[in-house]
Every structure is written in structure tokens, then in C-alpha cells.
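Asker: For the record, the sequence lines run as chains A and B. Number 230 in the numbering used here belongs to position 227 of the first sequence; there are no gaps in the numbering. Number 210 in the numbering used here belongs to position 183 of the second sequence; there are no gaps in the numbering. Glycine included, each C-beta is placed from N, C-alpha and C at the ideal position. Small disclaimer: the values here were computed from a predicted structure and weren't measured.
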Amino acid sequence: MQFDQILQYTLSGLSTGAIYALIGIGFSIIYNSTGIINFAQGEFVMLGGMLTLFFMGPLKLPLWAAIPCAVLISTLTGIVFERFAIRPLRQPTPINLVIITIGGSILMRGLAMLLWGKDTQSLPPFSGDEPIAIGGATILPQHIWILGITLVIIAINKLYFYHTISGKAMRACAYNRRAAGLVGIDVRRMVMFSFMISSAMGAVAGIIVAPLTMTAYDVGVMLGLKGFCAAIIGGMSSGAATVVGGLILGVLESLGAGLVSSGYKDAIAFIILLLILFIRPQGLFGKADSERV
Amino acid sequence: MRFRVIPFIGLAVSLLLCSTVFAATPIKIGALFAVTGPAAFLGEPERNTAQMVVDEINRTGGIKGRKLELIVYDTGGDATKAVQLATKLVKNDKVSAIIGPSTTGESMAVIPVAEKDHVPLISCAAGIKITDPVKHWVFKTAQNDSLAVARIYEQLQRQKINKIAILTVSDGFGASGREQLKSQAARHGITIVLDDTYGPKDTDMTAQLTKIRGSQAQAIICWGTNPGPAVIAKNARQLGLKIPLYMSHGVSSKKFIELAGEAAEGIRLPSGKVIVADMLPASDPQKKSLLAYVKDYQKHYKAEGDHFGGHAWDAVMLLKGAIERGGDAPAAIRDQLEKTRQFHGIGGTFNFSAQDHAGLGKDAFVLVEVKNRDWMIVK
Numbered sequence: 004m005q006f007d008q009i010l011q012y013t014l015s016g017l018s019t020g021a022i023y024a025l026i027g028i029g030f031s032i033i034y035n036s037t038g039i040i041n042f043a044q045g046e047f048v049m050l051g052g053m054l055t056l057f058f059m060g061p062l063k064l065p066l067w068a069a070i071p072c073a074v075l076i077s078t079l080t081g082i083v084f085e086r087f088a089i090r091p092l093r094q095p096t097p098i099n100l101v102i103i104t105i106g107g108s109i110l111m112r113g114l115a116m117l118l119w120g121k122d123t124q125s126l127p128p129f130s131g132d133e134p135i136a137i138g139g140a141t142i143l144p145q146h147i148w149i150l151g152i153t154l155v156i157i158a159i160n161k162l163y164f165y166h167t168i169s170g171k172a173m174r175a176c177a178y179n180r181r182a183a184g185l186v187g188i189d190v191r192r193m194v195m196f197s198f199m200i201s202s203a204m205g206a207v208a209g210i211i212v213a214p215l216t217m218t219a220y221d222v223g224v225m226l227g228l229k230g231f232c233a234a235i236i237g238g239m240s241s242g243a244a245t246v247v248g249g250l251i252l253g254v255l256e257s258l259g260a261g262l263v264s265s266g267y268k269d270a271i272a273f274i275i276l277l278l279i280l281f282i283r284p285q286g287l288f289g290k291a292d293s294e295r296v
Numbered sequence: 028m029r030f031r032v033i034p035f036i037g038l039a040v041s042l043l044l045c046s047t048v049f050a051a052t053p054i055k056i057g058a059l060f061a062v063t064g065p066a067a068f069l070g071e072p073e074r075n076t077a078q079m080v081v082d083e084i085n086r087t088g089g090i091k092g093r094k095l096e097l098i099v100y101d102t103g104g105d106a107t108k109a110v111q112l113a114t115k116l117v118k119n120d121k122v123s124a125i126i127g128p129s130t131t132g133e134s135m136a137v138i139p140v141a142e143k144d145h146v147p148l149i150s151c152a153a154g155i156k157i158t159d160p161v162k163h164w165v166f167k168t169a170q171n172d173s174l175a176v177a178r179i180y181e182q183l184q185r186q187k188i189n190k191i192a193i194l195t196v197s198d199g200f201g202a203s204g205r206e207q208l209k210s211q212a213a214r215h216g217i218t219i220v221l222d223d224t225y226g227p228k229d230t231d232m233t234a235q236l237t238k239i240r241g242s243q244a245q246a247i248i249c250w251g252t253n254p255g256p257a258v259i260a261k262n263a264r265q266l267g268l269k270i271p272l273y274m275s276h277g278v279s280s281k282k283f284i285e286l287a288g289e290a291a292e293g294i295r296l297p298s299g300k301v302i303v304a305d306m307l308p309a310s311d312p313q314k315k316s317l318l319a320y321v322k323d324y325q326k327h328y329k330a331e332g333d334h335f336g337g338h339a340w341d342a343v344m345l346l347k348g349a350i351e352r353g354g355d356a357p358a359a360i361r362d363q364l365e366k367t368r369q370f371h372g373i374g375g376t377f378n379f380s381a382q383d384h385a386g387l388g389k390d391a392f393v394l395v396e397v398k399n400r401d402w403m404i405v406k
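1. For tyrosine 225 of chain B, name the three-state secondary structure that DSSP assigns.
2. Within the 7 Å Cβ cut-off, does leucine 114 of chain A reach chain B?
3. Could you name the residues of the same chain whose beta carbon sits closer than 8 Å to that of phenylalanine 49 of chain B, not counting the 5 residues immediately before and after it, in chain order?
4. Within a Cβ cutoff of 8 Å, which residues of the same chain sit near aspartate 82 of chain B, ignoring the five residues on either side of it in sequence?
5. Less than 7 Å between the beta carbons of threonine 245 of chain A and glycine 81 of chain A, yes or no?
6. When the cut-off is 7 Å and only beta carbons count, does serine 130 of chain A lie next to chain B?
7. I want to verify the contact list: residues of chain B whose CB lies under 9 Å from the CB of glycine 266 of chain A, in sequence order.
8. How many angstroms separate the CA atom of aspartate 132 of chain A from the CA atom of arginine 86 of chain A?
9. Just to confirm my understanding: we take lysine 281 of chain B, look at its own chain, exclude 5 residues before and 5 after, and list those with CB closer than 7 Å. What are they?
10. Assuming cysteine 232 of chain A is part of the beta strand (DSSP E), what are its boundary residues?
11. Our contact map puts threonine 224 of chain B next to serine 197 of chain B with C-beta atoms below 8 Å; I'd like the distance itself, whole angstroms only.
12. Whose CA, out of A:Gly52, A:Gly139, A:Thr55 and A:Ile105, lies closest to the CA of leucine 6 of chain A?
13. Output needed for aspartate 341 of chain B: all residues of its chain with C-beta closer than 6 Å, excluding positions within five of it in sequence on either side, in chain order.
14. Residues of chain B with CB under 7 Å from tyrosine 23 of chain A, in chain order?
15. How far does the beta strand (DSSP E) with methionine 239 of chain A in it reach, from first residue to last?
16. Along the chain, which unbroken stretches of the alpha helix (DSSP H) at least 4 residues long are found entirely within the region 172-211 of chain B?
17. Thinking C-alpha only, which one of B:Glu292, B:Ala113 and B:Pro128 is nearest valine 122 of chain B?
18. Determine the direct distance from the alpha carbon of leucine 25 of chain A to that of alanine 158 of chain A, and round the result to whole angstroms.
19. Hey, how far is the Cα of methionine 111 of chain A from the Cα of glutamate 46 of chain A?
20. Please report how far the alpha carbon of leucine 56 of chain A lies from the alpha carbon of leucine 114 of chain A, in whole angstroms.
21. Starting from leucine 266 of chain B, find everything on chain A with Cβ-Cβ shorter than 9 Å and list it in chain order.
22. Determine which residues of the region 235-249 of chain B have a Cβ less than 7 Å from any Cβ of chain A, and write them out in chain order.
23. Taking buried to mean at least 16 other C-beta atoms within 10 Å of its own C-beta, is alanine 213 of chain B buried or exposed?
24. On the criterion of 16 or more Cβ atoms from any shown chain inside 10 Å, does glycine 38 of chain A qualify as buried, or is it exposed?
25. Taking the alpha helix (DSSP H) that glutamate 3 of chain A falls in, what are its first and last residues?
26. Please list, in chain order, the chain A residues whose beta carbon lies closer than 9 Å to that of valine 258 of chain B.
27. Give me whichever residues DSSP pairs with alanine 124 of chain B in a beta bridge.
28. Taking the alpha carbon of valine 207 of chain A as the point to measure from, which residue in A:Trp148, A:Ile105, A:Gly107 and A:Met59 has its own alpha carbon closest?
29. Helix, strand or coil: how does DSSP classify glutamate 396 of chain B here?
30. So which residues of chain A does threonine 233 of chain B contact, with C-beta pairs closer than 7 Å?
31. To which residues of the same chain is valine 161 of chain B closer than 6 Å at the C-beta, ignoring the five residues directly before and after it?
32. Confirm, please, whether the CB-CB distance from isoleucine 270 of chain B to alanine 246 of chain B is below 7 Å.
33. Is it the case that the CB of isoleucine 126 of chain B approaches a heavy atom of the ligand SAH more closely than 6 Å?
34. Do you know offhand how far arginine 180 of chain A's Cα is from isoleucine 22 of chain A's?
35. Going straight from the alpha carbon of isoleucine 235 of chain A to that of glutamine 285 of chain A, what length do you get?
36. Per DSSP, what are the beta-bridge partners of methionine 53 of chain A in this structure?
What follows is the structure in C-alpha cells.
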């Protein structure tokens with residue numbers, strides 16, 4: 004096995020992993036503020052890509068203008084989803100909430116199919132598609148965009164959670180909702196914030212990945228599950244652990260496809276998911292009762 | 028009271044009978060297409076085309092003065108649903124013949140219905156096992172995978188390429204292609220040095236292609252339907268693969284070029300003649316049908332007709348010919364279909380016989396190459 008082949012597998016894996024990480028963080032932000040797994044997270048990824056295409060196609064906006072519009076609409080969708088599907092619930096048991104998010108995801112997928120059809124569509128790359136050679140391997144400019152944007156978003160996330168009042172309030176809710184409520188934090192608003200942030204992040208992930216993988220009404224399912232897997236590896240933390248979880252998952256998938264068999268690509272992700280849940284349910288890096296957020 | 032009602036009933040019944048005598052009953056044709064679901068890229072153009080052709084036939088007076096009535100059901104690509112709908116077409120709608128289904132899996136599931144209830148079925152799917160072995164009531168219009176494979180291998184032989192890598196999608200279409208690629212390789216003096224697969228929803232195939240780059244392969248053959256092959260084309264360009272890349276006829280529509288963009292340049296694939304209709308020599312017997320189909324489809328649906336829709340065109344026109352010659356009884360339609368010779372359709376020139384219910388020869392495929400975002404015939 005040559006070195007440049009391994010390098011290529013690793014680089015490809017890192018860029019896919021970065022996407023898993025972004026989606027995974029979306030999962031954990033909502034989990035930490037509400038205690039539910041939002042299975043509609045993948046649909047925001049789909050919305051990001053499809054809305055960008057919509058703004059560029061029928062509405063004829065340039066790419067740089069279409070992206071913020073798409074993120075904005077996806078975020079609004081996230082808020083509406085929280086306001087009308089999650090908040091009105093009388094008895095928010097986890098199982099009810101999970102079923103509601105699954106229902107929400109099916110609804111969004113169906114609407115997207117009716118609105119934009121079933122065809123797979125492609126987004127133009129942000130800055131050309133001339134391959135860049137690194138050692139014996141090659142990557143595309145879009146891969147650099149993916150890695151770069153992921154890093155920036157994670158950095159902003161960190162700043163928000165540790166250096167702003169509302170970020171700190173959200174962390175307080177994650178530790179103890181009741182106590183946070185008692186000291187005067189509006190817990191419901193924080194829940195809405197968490198949906199806002201994670202739907203925006205999902206949309207961004209969907210947009211930056213679309214030029215490489217293309218997008219369709221049903222891309223959210225698989226990406227959502229992979230992102231969930233990354234979040235589990237990271238122990239549902241919304242910081243570095245989930246990012247590392249996503250990257251590990253991406254690289255393992257790519258190495259597995261290259262060195263073992265590509266038939267097992269998706270199986271690898273789910274075997275890891277099951278192993279982590281069985282052996283280390285607190286995540287790969289977490290202590291048994293660790294700080295979440 | 029009773030005496031007053033009876034004459035009315037009698038009148039009503041006689042009126043009903045009269046009307047059936049005066050306006051000849053339409054000939055009912057059933058159609059099963061996967062208009063929604065994963066195979067919608069097949070079912071949608073097929074439904075559109077079938078409807079367009081039937082409307083056209085009715086507008087010009089029908090068949091011997093009788094109109095055609097097309098009853099279309101959407102199977103959603105689901106074999107179980109296809110069987111239920113086929114039974115419905117036979118039992119409730121009492122159709123004379125069935126067109127479709129769109130995919131091989133559905134067709135195989137529906138075949139027992141057609142065989143048991145004695146209704147001719149013209150499948151629009153490509154799988155070789157639909158008509159091999161021959162089933163009494165079953166025909167098909169889509170070209171066999173084996174013909175497409177043979178077309179690629181002949182070209183490779185001509186270029187003295189004998190070591191190839193194959194990359195097939197892990198669904199029915201890919202599995203059937205893979206089987207054909209492997210079974211025909213030896214006959215053409217070709218060795219498959221690497222045999223790999225990818226999932227229909229996979230979004231990154233650089234791992235497989237890197238493996239191929241490290242192998243002895245002189246060409247890659249990829250067997251799949253959109254969007255996988257477009258991703259592979261992009262990945263191959265990213266990795267700077269220099270060896271020729273061949274695709275299957277599963278991506279022979281403009282959609283593929285649109286998705287793969289720049290990366291599609293130079294890719295070759297076997298295709299039905301419809302995408303290069305205007306480039307065919309005037310001597311080609313199919314040219315007339317092809318041009319007419321492309322023009323009509325453009326007029327009706329403002330979109331380019333592809334060879335998937337062509338399968339439905341062929342099916343309706345074959346039925347029309349059979350009904351013109353032998354009437355609309357299912358058994359007569361079947362017998363006349365089997366006697367069809369030299370029918371120049373969209374998929375190729377059909378010659379059915381008691382031994383061959385697929386009816387197409389190797390000339391059904393041309394090899395095309397993507398040049399400047401368009402198709403060119405490879406000489």
C-alpha cells in the first residue's frame with residue numbers, strides 16, 4: 004500500500020468528516036438545551052443546499068447572495084419548527100419529542116420534493132474546480148472551503164458559548180434547566196435559540212457540501228444519521244469532541260472503503276455508533292458525568 | 028307502478044346499447060410507471076411519452092376508428108404495489124394490454140400476473156431476465172444490458188485495452204451490469220483487474236478511485252444511474268485520473284452532463300440513438316422516428332426527450348401496429364406482437380420472434396462521447 008494512497012484516503016475522509024462534525028454539533032446544541040435528539044437536523048442540511056439552488060435558479064441571485072438568503076430561510080424554518088411543533092407540547096416526554104422531530108423531517112422532505120422535484124441538482128463550486136496537489140494526493144478548492152468554514156463556525160460557536168450573556172445562559176440551561184429558570188433565564192427562549200443556531204449550522208453544512216456531493220430532497224437522511232453518529236462519538240458535546248468525532252468517522256469510512264471494501268462504508272459508521280453506545284455511552288472522550296456544551 | 032317503470036328501464040338499456048354501437052368503445056391500454064420514487068427518472072418521461080403518443084393517435088382518428096384509452100398507474104418503484112396495480116388493470120379496468128413497469132424488479136414481479144391472466148405485457152425495463160427465458164405473454168422495449176456491455180468492450184478491443192477496473196452501484200441496475208461485464212470480459216480478451224462497488228446514495232468515491240489509480244487498469248467502466256456516476260466523474264477529475272472513463276447507458280441524458288459539469292468532458296458511454304438523433308446519417312432507418320419523437324416531446328413538455336421515454340414510445344407504437352393488424356383481443360395482440368418485424372422505433376429496430384421477445388440487435392446502441400457539454404458519436 005503506497006503512502007500517497009493512504010494520504011488521499013485521509014484527506015478525503017477529513018473533508019467528509021468536517022461536514023459530519025458540523026451536523027453533529029447541530030444535534031448536540033439542541034440536545035443540550037432541550038434533552039431531545041432532533042432527527043430533523045438532516046433536513047436543514049437539505050434545505051441549505053436546495054434553497055441556495057432555488058435562489059440561484061428561479062430567482063437568479065448570484066451565489067454570494069443566495070447563500071445568506073438560504074441560511075436565513077433555513078433558520079426561520081428552524082424557528083417555526085420549534086415554535087409550532089416543539090413548544091406547544093403539553094407533556095414533553097423525550098419519546099414524544101423525538102417522534103415529533105421525525106414527523107417534522109418527513110414533512111420537510113415531502114414539501115421539498117413537491118416544491119423542487121425529485122432530481123438531483125448540482126451547485127457550482129465556490130472557487131473553480133482545479134485540483135490542488137498535496138504530496139501525492141489531490142483535493143479540490145471546495146475541500147479547503149469546507150474545512151475552513153467548519154473551523155470558523157466552531158470558533159464562533161466557542162466564543163458565543165463562553166463570552167456572551169446568551170451563550171452563558173444557554174450553558175446554564177444545559178446544566179440545569181430548573182435552576183436556570185429560577186435565576187431568571189428565559190429557558191424557552193434559549194430553546195428557540197438552540198434551534199436557530201443548529202438549523203443555521205445545518206444549512207451552512209448543506210451549502211458548502213453541495214458542490215461536491217450534489218443535493219436532492221432526500222440527502223438529509225443519510226447526512227443526518229452520520230452527523231448523529233459524530234455527535235455520539237463526541238459524547239453530545241458541542242465543542243471539540245464532536246468535531247473530532249466527525250473527523251474520526253470520516254477518515255475511518257474513507258480508509259475502510261479504500262483498504263477493506265467500499266460495500267461496508269455505511270456499515271462502518273453504524274458499527275462505530277453501536278460500539279460507542281454499548282461501551283462508552285458518555286462518548287469517546289467524556290468522563291462519566293462530563294460538562295456538556 | 029311496476030308497469031310504468033319497466034318501459035323506462037327498457038328504454039335506458041336500449042339507449043345504452045345504442046350508444047355503444049354508434050361510438051365504438053375505446054381500446055383500453057394499461058400502463059404501470061414509476062412516476063414517483065427512486066426510479067422517477069424512468070417513469071416520468073415514460074408516462075409523459077405514452078400519454079403524448081396516445082393523444083396523437085386519438086387526434087388522428089384512433090386505430091381503425093376506435094380511440095385508445097390509456098390508464099396509467101404510478102407504482103412508486105415498488106414491486107408489491109406494481110403487482111396490485113397490474114391485477115387492478117386486468118380485473119377492474121379490463122385492459123387489452125399493459126405497458127411497463129419501469130424497473131426490472133417490478134417487471135419480474137408483474138410477469139406472473141400477465142402470464143396467469145393472459146394479458147400481453149410490454150415491459151420498459153432493461154434487465155435481461157425479463158425475456159430470457161422467453162415468457163409467452165411478455166415482451167420488452169428497453170435494450171438489454173448485455174448489448175451495452177458488448178458495445179463498450181468492442182471499442183476497448185479496438186483500442187487494444189485489455190485491463191480494466193469496474194465500479195458498479197450496489198442496486199439492481201449495477202448488479203445486472205456487473206454480471207454482464209464479468210461474463211463477457213473473457214470473450215473480448217479483457218481482464219477485470221479491479222472490481223469495486225459503491226452505494227446508490229454515496230457522496231464521495233475518491234477511495235474507490237484511488238484504489239483504481241494504484242492498480243494496473245487501463246480504463247474504468249462505471250455502471251450506475253444518476254447521481255453516483257456524476258460524483259465519480261468529479262472525483263476522477265479531482266484525482267487527475269488519466270485513463271478513459273466509460274459509463275453505462277443509465278446516464279445517457281443531459282442531466283448527467285449538467286450534474287458532472289466540466290468533469291463530464293471526454294467520458295464515453297453507450298446510448299440509445301435518441302440523444303444523437305440529428306447527428307445520425309440520413310441512411311439510418313430509425314432517424315425518422317427519432318426526429319419525430321424528439322420534436323413532439325419538445326413541443327408537449329418543453330424538455331428534451333430521452334431514451335427512457337423512448338421505451339414507452341416503442342411500446343405504444345408496437346401495440347398500435349399489433350392492434351391494427353389483428354384487433355384488440357389480448358391473444359391476438361400477443362400473436363401480432365410476436366410477428367412484428369423491422370419496426371424502426373426509438374430504442375432500435377425491433378424484430379420479435381417466438382424465440383426472442385426483446386427483439387433488438389447490437390445496432391440499438393451507439394457509443395457517444397461528451398464534448399463541449401454535448402454528445403458526439405464516437406466513430
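Answerer: According to the structure data:
1. Counting from 1 along the second sequence, the entry for residue 225 of chain B is found at position 198. Three-state DSSP puts tyrosine 225 of chain B in a strand.
2. Here residue 114 of chain A refers to the residue found at position 111 when the first sequence is read from its first residue. It does not; no Cβ of chain B falls within 7 Å.
3. As a working mapping, residue 49 of chain B is identified with position 22 in the second sequence. Here phenylalanine 49 of chain B scores only 48 on pLDDT, less than 50, and its place in the model should not be relied on; the value that follows carries that caveat. So no residue of the chain qualifies.
4. Sequence index remark: in the second sequence, residue 82 of chain B carries index 55 (1-based). Counting only Cβ-Cβ distances below 8 Å, and skipping sequence neighbours, we find nothing.
5. Walking along the first sequence from the start, residue 245 of chain A turns up at place 242. Walking along the first sequence from the start, residue 81 of chain A turns up at place 78. Taking 7 Å as the Cβ cut-off, threonine 245 of chain A and glycine 81 of chain A do not qualify as a contacting pair.
6. Along the first sequence, one-based indexing puts residue 130 of chain A at 127. False, the Cβ-Cβ gap to chain B never drops below 7 Å.
7. Within the first sequence, the letter at position 263 stands for residue 266 of chain A. Per Cβ cutoff of 9 Å: Ser197, Asp223, Thr224, Tyr225 and Gly226.
8. Along the first sequence, one-based indexing puts residue 132 of chain A at 129. Along the first sequence, one-based indexing puts residue 86 of chain A at 83. If you draw a straight line from the Cα of aspartate 132 of chain A to the Cα of arginine 86 of chain A, it is about 41 Å long.
9. Your numbering for residue 281 of chain B matches position 254 in the second sequence. Result list for lysine 281 of chain B: Glu331, in chain order.
10. Taking the first residue of the first sequence as 1, we reach residue 232 of chain A at position 229. First-last for cysteine 232 of chain A: 223-236, but that is the alpha helix (DSSP H), not the beta strand (DSSP E).
11. Along the second sequence, read from residue 1 onward, the residue named residue 224 of chain B stands at position 197. Along the second sequence, read from residue 1 onward, the residue named residue 197 of chain B stands at position 170. Contact between threonine 224 of chain B and serine 197 of chain B holds, since their C-beta atoms are separated by about 5 Å, short of 8 Å.
12. Locating residue 6 of chain A in the first sequence gives position 3, counting from the first residue. As written in the sequence, residue 6 of chain A is phenylalanine, which differs from the leucine given in the question. Taking phenylalanine 6 of chain A as reference, the option from A:Gly52, A:Gly139, A:Thr55 and A:Ile105 with the minimal CA-CA separation is A:Gly139.
13. Position 314 of the second sequence, counted from the start, is the residue given in the question as residue 341 of chain B. For aspartate 341 of chain B, where only same-chain residues beyond five positions count, the Cβ hits under 6 Å are Thr168, Gly372, Ile373 and Gly374.
14. Working through the first sequence from its first residue, we reach residue 23 of chain A at position 20. Within 7 Å Cβ-Cβ: nothing; tyrosine 23 of chain A doesn't reach chain B, min ~11 Å.
15. Position 236 of the first sequence, counting from 1, holds the residue named residue 239 of chain A. It is not in any beta strand (DSSP E) - methionine 239 of chain A carries neither H nor E in the DSSP assignment.
16. 172-185
17. Taking the second sequence and counting its residues from 1, the one referred to as residue 122 of chain B is at position 95. Put simply, of B:Glu292, B:Ala113 and B:Pro128 the residue whose alpha carbon is nearest the alpha carbon of valine 122 of chain B is B:Ala113.
18. For the purposes of this step, residue 158 of chain A is taken as residue 155 along the first sequence, with counting starting at 1. For the purposes of this step, residue 25 of chain A is taken as residue 22 along the first sequence, with counting starting at 1. Taking the straight line joining both Cα atoms gives about 12 Å.
19. The residue labelled residue 111 of chain A in the question sits at position 108 within the first sequence. The residue labelled residue 46 of chain A in the question sits at position 43 within the first sequence. So the two alpha carbons sit approximately 7 Å from each other.
20. In the first sequence, the residue the question calls residue 56 of chain A occupies position 53. In the first sequence, the residue the question calls residue 114 of chain A occupies position 111. Answer to the nearest angstrom: the Cα atoms are 16 Å apart.
21. Along the second sequence, read from residue 1 onward, the residue named residue 266 of chain B stands at position 239. Under the 9 Å cutoff, chain A gives Gln11, Pro134, Ala140 and Thr141.
22. Gln235, Thr237, Lys238 and Gly241
23. Position 186 of the second sequence, counting from 1, holds the residue named residue 213 of chain B. Alanine 213 of chain B comes out exposed.
24. As a position in the first sequence, residue 38 of chain A is number 35, starting the count at 1. Glycine 38 of chain A should be labelled exposed.
25. Here chain A covers residues 4 to 296 and nothing more, so residue 3 of chain A does not appear.
26. To locate residue 258 of chain B, count along the second sequence from 1; it is residue 231. The answer, in chain order, is Leu215, Thr216 and Met217.
27. The residue you call residue 124 of chain B lines up with position 97 of the second sequence. Answer is B:Ile56.
28. Translated into the one-based positions of the first sequence, residue 207 of chain A becomes position 204. With distances taken between Cα atoms, valine 207 of chain A lies closest to A:Trp148.
29. Against the second sequence, residue 396 of chain B aligns to sequence position 369. Strand.
30. Taking the first residue of the second sequence as 1, we reach residue 233 of chain B at position 206. Chain A residues near threonine 233 of chain B: Gln11 and Ser15.
31. Here residue 161 of chain B refers to the residue found at position 134 when the second sequence is read from its first residue. His384.
32. One-based indexing of the second sequence puts residue 246 of chain B at position 219. One-based indexing of the second sequence puts residue 270 of chain B at position 243. In this structure, isoleucine 270 of chain B lies closer than 7 Å to alanine 246 of chain B by Cβ.
33. Among the ligands in the structure shown, none appear at all, so the ligand SAH cannot be discussed.
34. Within the first sequence, the letter at position 177 stands for residue 180 of chain A. Within the first sequence, the letter at position 19 stands for residue 22 of chain A. Answer to the nearest angstrom: the Cα atoms are 30 Å apart.
35. As a first step, residue 235 of chain A must be located in the first sequence, where it is residue number 232. As a first step, residue 285 of chain A must be located in the first sequence, where it is residue number 282. Taking the straight line from one Cα to the other gives about 8 Å.
36. In the first sequence, residue 53 of chain A corresponds to position 50, counting from 1. According to DSSP, which records beta bridges pairwise, methionine 53 of chain A is partnered with nothing at all.
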